[in-house]
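Colleague: Submitted below is the structure of interest, expressed as structure tokens.
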Amino acid sequence: MLCSRFMFAMKKQLAILGSTGSIGRSALDIAERFPDLIDVVGLSTHSSIDLLVSQIQKFHPKYIVVTDQNSYLKFKKTFDFQSVELIEPSTGLERLAGHHDVDIVLNAVVGAAGLSASMATVRSGKRLALANKESMVIGGELLNDLRRQTGAEIIPVDSEHSAIWQAIHSGKSNEIKKIILTGSGGPFKDLPLDDFSKITLEQALNHPTWKMGPKITIDSATMMNKGLEVIEAVQLFGLPADKIEVVIHPQSIVHSMVEFIDSSIIAQMSYPDMRLPIAYALFYPDRIISDYGKANLVEIGHLTFESPNFAKFPLLKAAYVVAKIGGTMPAVFNAANEIAVDAFLKNVIEFHKIPDIVINSAERHNSIANPTYQDILDADLKGREFAREMIK
Ligand code: NDP
Ligand code: MG
């Protein structure tokens, strides 16, 4: 009895924003396996109604949000779940994130659309388990200011940043020499640059080590994902970009490392399985008993590391410049990429055009330092406009 009461007191009241996506589904897999530790209070989808309905039937959340207006209106007509509230979409994610019934928000929305919900979570002083790296990339300064005011925790879910978070606590902040951010290199690591013009959508969607949503899979193929992660690390860990080194590690076993002033390098390792960093972010500072990503080092045999090829992946190089400029520049860089990736996914542009569109868009922007939320929204719109003009 005492034990079950203790468990109840510990139960996390979790809202999952983007529950129908790759990260969202992995989080629900954890909730299903640990029903004594997690109550799923809220769920959201953009337009995957059938999947949301099956999630409601299984997890009985109190609140749901459908962010796509047309899907919401259609769903509302047939909605007949007792004791589930369908929150109106325009401010739905923010209202769910700030709701007093919720104590942890997992933001697994894709793209800049996740920023307002990240801000609402941090503003209300709750733990933000952050998969939506774009919100840290474009609104890192705002989120950091808010977390200083409210004391909210932002625990990264991105596997590299989770690894850094775990390793960084081995020393003091003034003892960190650098962060070593690993990346698989994506499907085109060994493809000659001359062949990039022939890359197909199917090849770009075929990531060698991770199964993820389509946008981040394309970002991994262009290495924009690693670039976004450099900016994400700058914001999360408060280090300058030149203290963040990207190293290619094709096996995706070492998820990142921290090197300290005594030259010790601390790494975190597992087989690739996002449930491990998701569970870590939900239960931190505790660890749960699980075999997510359980690695057999003898079976793995060898781990290799190499330098990234900046000539083949110019978006990675550009991300360092963008990180140094800061202000509203990351919002333009990210927004132009969202438009270019979407156009590639719809077969409107070729793969090798993505970096040109993103870099040219960023070059057209004069960054505003110490941006307000409105400055970031305006920059995001501008980045989209620049990219659309170039695609035309
Ligand atoms: P998915 O595309 O698989 O899922 C995205 C989720 O967000 C879906 O639920 C989707 O709804 C919803 N969504 C889409 N557009 C909007 C919108 N405009 N407003 C609100 N919700 C929206 O993405 P992933 O799960 O792969 O990635 C989610 C985030 O996590 C990204 O920021 C990504 O960079 C990050 N991440 C992902 C990793 C992974 O392994 N997948 C690893 C590390 C980070 P619908 O189903 O209707 O489309
Ligand atoms: Mg990552």
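So the sequence shown is numbered by numbering that gives the first Met the number 0: it starts at 0 and just counts up by one.
Ideal Cβ placement from N, Cα and C applies to all residues, glycine included.
#1: Taking only runs that begin and end inside the region 232-318, name each unbroken beta strand (DSSP E) of 3 or more residues, in chain order.
#2: Measuring straight from C-alpha to C-alpha, what distance separates L376 and I137?
#3: When you compare each of T216, I198 and T208 to G20 by their alpha carbons, which one comes out closest?
#4: Is W164 close to the ligand NDP? I mean its beta-carbon at under 7 Å from any heavy atom of the ligand.
#5: Skipping 5 residues on each side, what residues in its chain have a beta carbon closer than 7 Å to that of I299?
#6: Cα-Cα, which of S219, K171 and I15 is closest to P307?
#7: Are the beta-carbon atoms of I37 and R274 separated by less than 8 Å?
#8: So does the region 266-273 actually touch the region 154-174, counting three or more Cβ pairs closer than 8 Å?
#9: Excluding the 5 residues preceding and the 5 following F7 in the sequence, name in chain order all residues of the same chain whose CB lies nearer than 7 Å to its CB.
#10: So, at 8 Å on beta carbons, what are the nonlocal neighbours of F309 in its own chain, with the 5 sequence-adjacent residues on each side left out?
#11: Could I get the ranges of all uninterrupted beta strand (DSSP E) runs contained in the region 82-164, with 3 residues as the minimum, in chain order?
#12: Between S123 and the rest of its own chain, which residues show a CB-CB distance below 6 Å, the 5 nearest in sequence each way excluded?
#13: Could you say if the region 374-388 and the region 233-240 meet the contact criterion of at least three C-beta pairs nearer than 8 Å?
#14: So if I measure from each beta-carbon to every heavy atom of the ligand MG and keep distances below 7 Å, which residues remain?
#15: So, for A111: in the same chain, excluding its five sequence neighbours on each side, which residues have a beta-carbon less than 8 Å away from its beta-carbon?
#16: What does the alpha-carbon distance come out to for the pair C2 and V52?
#17: Identify which residue in K345, E305 and F350 has its Cα closest to the Cα of D189.
#18: Bridge partners of T181, per DSSP?
#19: I want to check one thing, is the minimum distance from the CB of M118 to the heavy atoms of the ligand NDP below 7 Å?
#20: Taking contact to mean 3 or more Cβ pairs, one atom from each stretch, closer than 8 Å, check whether the region 61-77 and the region 277-293 are in contact.
#21: Mind checking which residues open and close the beta strand (DSSP E) that includes T44?
#22: Output the distance between the C-alpha atoms of G182 and Q202, rounded to the nearest integer angstrom.
#23: Might you give, ordered along the chain, the residues of its own chain that have their beta carbon closer than 7 Å to the beta carbon of I356, omitting 5 neighbours on each side?
#24: Would you kindly check if the distance between the Cβ of V108 and the Cβ of I153 is under 8 Å?
#25: Suppose the cutoff is 6 Å on Cβ atoms and the five residues either side in sequence are ignored; what does the same chain contact list for S366 look like?
Modeller: Reading from the atomic positions:
#1: Counting only runs of 3 or more, we get 243-247, 253-259 and 264-268.
#2: Taken atom to atom, the span from the alpha-carbon of L376 to that of I137 is near 9 Å.
#3: Considering only T216, I198 and T208, the residue with the shortest C-alpha distance to G20 is T216.
#4: Relative to the ligand NDP, even the nearest heavy atom lies 7 Å or more away from the CB of W164.
#5: Counting only Cβ-Cβ distances below 7 Å, and skipping sequence neighbours, we find Q250 and I252.
#6: Answer by Cα proximity: S219.
#7: No.
#8: Between the region 266-273 and the region 154-174, the count of C-beta pairs closer than 8 Å reaches three or more; the two stretches touch.
#9: Its pLDDT being 44, under 50, F7 is placed unreliably in this model, and the value from its coordinates should be taken loosely. So the list is empty, once near-sequence residues are dropped.
#10: Closer than 8 Å at the Cβ level, and outside the excluded window around F309, lie L315 and K316.
#11: Runs of the beta strand (DSSP E) inside the region 82-164: 84-86, 103-106, 126-129 and 153-155.
#12: Here S123 has G97 as same chain residues with Cβ atoms under 6 Å from its own Cβ, once five neighbours each way along the sequence are excluded.
#13: Contact between the region 374-388 and the region 233-240 is absent, because fewer than three Cβ pairs lie under 8 Å.
#14: If you measure from each CB to the nearest heavy atom of the ligand MG, the residues under 7 Å come out as D157, S158, E159, N224 and E228.
#15: These residues qualify, in order along the chain: E133, S134, I137, A330, N333, A334, E337 and D379.
#16: Here the model assigns C2 a pLDDT of 43, short of 50, so the residue's position is not dependable, and the following value carries that caveat. Distance between the alpha carbons of C2 and V52 is about 33 Å.
#17: If we check each option's Cα against that of D189, E305 comes out closest.
#18: For T181, which the question treats as bridged, DSSP gives the partners V246.
#19: Not one heavy atom of the ligand NDP lies closer than 7 Å to the C-beta of M118.
#20: With contact defined as three or more Cβ pairs closer than 8 Å, the region 61-77 and the region 277-293 are not in contact.
#21: T44 -> beta strand (DSSP E) spans I37 to T44.
#22: Those two C-alpha atoms are separated by around 18 Å.
#23: The beta carbon of I356 sits closer than 7 Å to the beta carbons of A335, A339, A386, M389 and I390 from its chain, once the five residues preceding and following it are set aside; these are given in chain order.
#24: No, the pair does not count as a contact, with Cβ atoms beyond the cut-off.
#25: Short of 6 Å from the beta carbon of S366, and not among the five residues preceding or following it, lie these beta carbons of its own chain, in chain order: I324, G326, T327 and M328.
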